[in-house]
Amino acid sequence: MKAPVYAFFKSDPVFQHIDGRPCHVFTCAAAHCRNPTNTVRRYLDTKDSNSTSGLRKHAKKCWGPEALKAAQTAADANTVRSSGILASGSFSGAIDKIFERFGKGRVTYSHRAHTKVESRAECVRWVAESLRPVGVIGDRGFLCIAKTGRPDHYIPSPSTVSRDLKNSFVKCRTRIAKYLQVRVCSNEDYRGEVVGAKGLRVGRRRMGNN
Ligand SMILES: [Zn+2]
Numbered sequence: 001m002k003a004p005v006y007a008f009f010k011s012d013p014v015f016q017h018i019d020g021r022p023c024h025v026f027t028c029a030a031a032h033c034r035n036p037t038n039t040v041r042r043y044l045d046t047k048d049s050n051s052t053s054g055l056r057k058h059a060k061k062c063w064g065p066e067a068l069k070a071a072q073t074a075a076d077a078n079t080v081r082s083s084g085i086l087a088s089g090s091f092s093g094a095i096d097k098i099f100e101r102f103g104k105g106r107v108t109y110s111h112r113a114h115t116k117v118e119s120r121a122e123c124v125r126w127v128a129e130s131l132r133p134v135g136v137i138g139d140r141g142f143l144c145i146a147k148t149g150r151p152d153h154y155i156p157s158p159s160t161v162s163r164d165l166k167n168s169f170v171k172c173r174t175r176i177a178k179y180l181q182v183r184v185c186s187n188e189d190y191r192g193e194v195v196g197a198k199g200l201r202v203g204r205r206r207m208g209n210n
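Its first residue numbered 1, the sequence shown is counted upward by one per residue in the numbering used here.
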């Protein structure tokens, strides 16, 4: 059985000699690694060749302390892999959760302040969901409520939110277009076209003989 932290790395570490020393090289499993390199070396000729501290340190940065903490309650790496903790890609999983929470039961608030990225995501969600102008993000009253007691707390500028909003829209549209891509028919009228649900044409794709 392998310790839960191994789940944050690709399952087979590579055995190498680096500067003549035997070494296991673990590759980070995050979609977007947040460390300077996406590998962790563990030299086998040292006393703590079984230590997982380097792996934990790396995983914490890539997946966030909460994911690591959640993983460490699991029995082993395989349990973590099948648990869904890793399903969200990497640290940005926290953002997926923000959107997932929508409309499900009682709203609760975290004891942890939003990270910069989460704060940007929350602002995008807020203005989109509640149809607010992005200028409201720079509003004096709002900033007073958001920053009192934690003056260093990051709130994005209205122009950042505006840019994020446009980027989110473009990404969502691409994603939804993908969901809608259904091959409907291959008769003369529609040959070569990909037709989405309700006949909405969302793109062209070369068709084979079938
Ligand atoms: Zn990483």
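Note that CB positions come from ideal geometry on N, CA and C, so glycine has one too. Being a predicted model, the structure only gives us computed values, none of them experimental.
In this structure, 15 is the residue among 29, 15, 59 with its C-alpha nearest to the C-alpha of residue 23. Looking at the backbone, the Cα of residue 174 and that of residue 65 are separated by about 31 Å. In the DSSP assignment, residue 142 falls within the unbroken alpha helix (DSSP H) covering 140–147. Using a Cβ distance threshold of 7 Å, residue 61 and residue 34 count as a contacting pair.
Assigned with DSSP and collapsed to three states, residue 154 falls in coil, not helix or strand.
Pairing residue 141 with residue 164, the inter-Cα distance amounts to about 22 Å. Residue burial is scored here from C-beta neighbours: residue 21 has fewer than 16 other C-beta atoms within 10 angstroms and is therefore classed as exposed. Contact between residue 153 and residue 113 holds, since their C-beta atoms are separated by about 6 Å, short of 8 Å. Checking the 6 Å criterion, the Cβ of residue 62 is within range of a heavy atom belonging to ligand 1. Taking the Cβ of residue 172 as the reference point, every heavy atom of ligand 1 lies at 6 Å or farther away. Nearest Cα to residue 8 within the set 1, 55, 139: 55. Short of 7 Å from the beta carbon of residue 59, and not among the five residues preceding or following it, lie these beta carbons of its own chain, in chain order: 5, 8, 68. Relative to residue 159, the option among 139, 144, 176, 148 whose CA is nearest is 139.
Listed as beta-bridge partners of residue 26 by DSSP are 40. Taking 8 Å as the upper bound for CB-CB distance, residue 168 and residue 124 are in contact here, some 5 Å apart.
By the neighbour-count definition (other C-beta atoms within 10 Å, threshold 16), residue 85 is a buried residue. Each residue's CA atom was taken as its position, placing residue 150 and residue 135 some 22 Å apart.
Counting of Cβ neighbours within 10 angstroms places residue 127 among the buried residues, the total reaching 16 or more.
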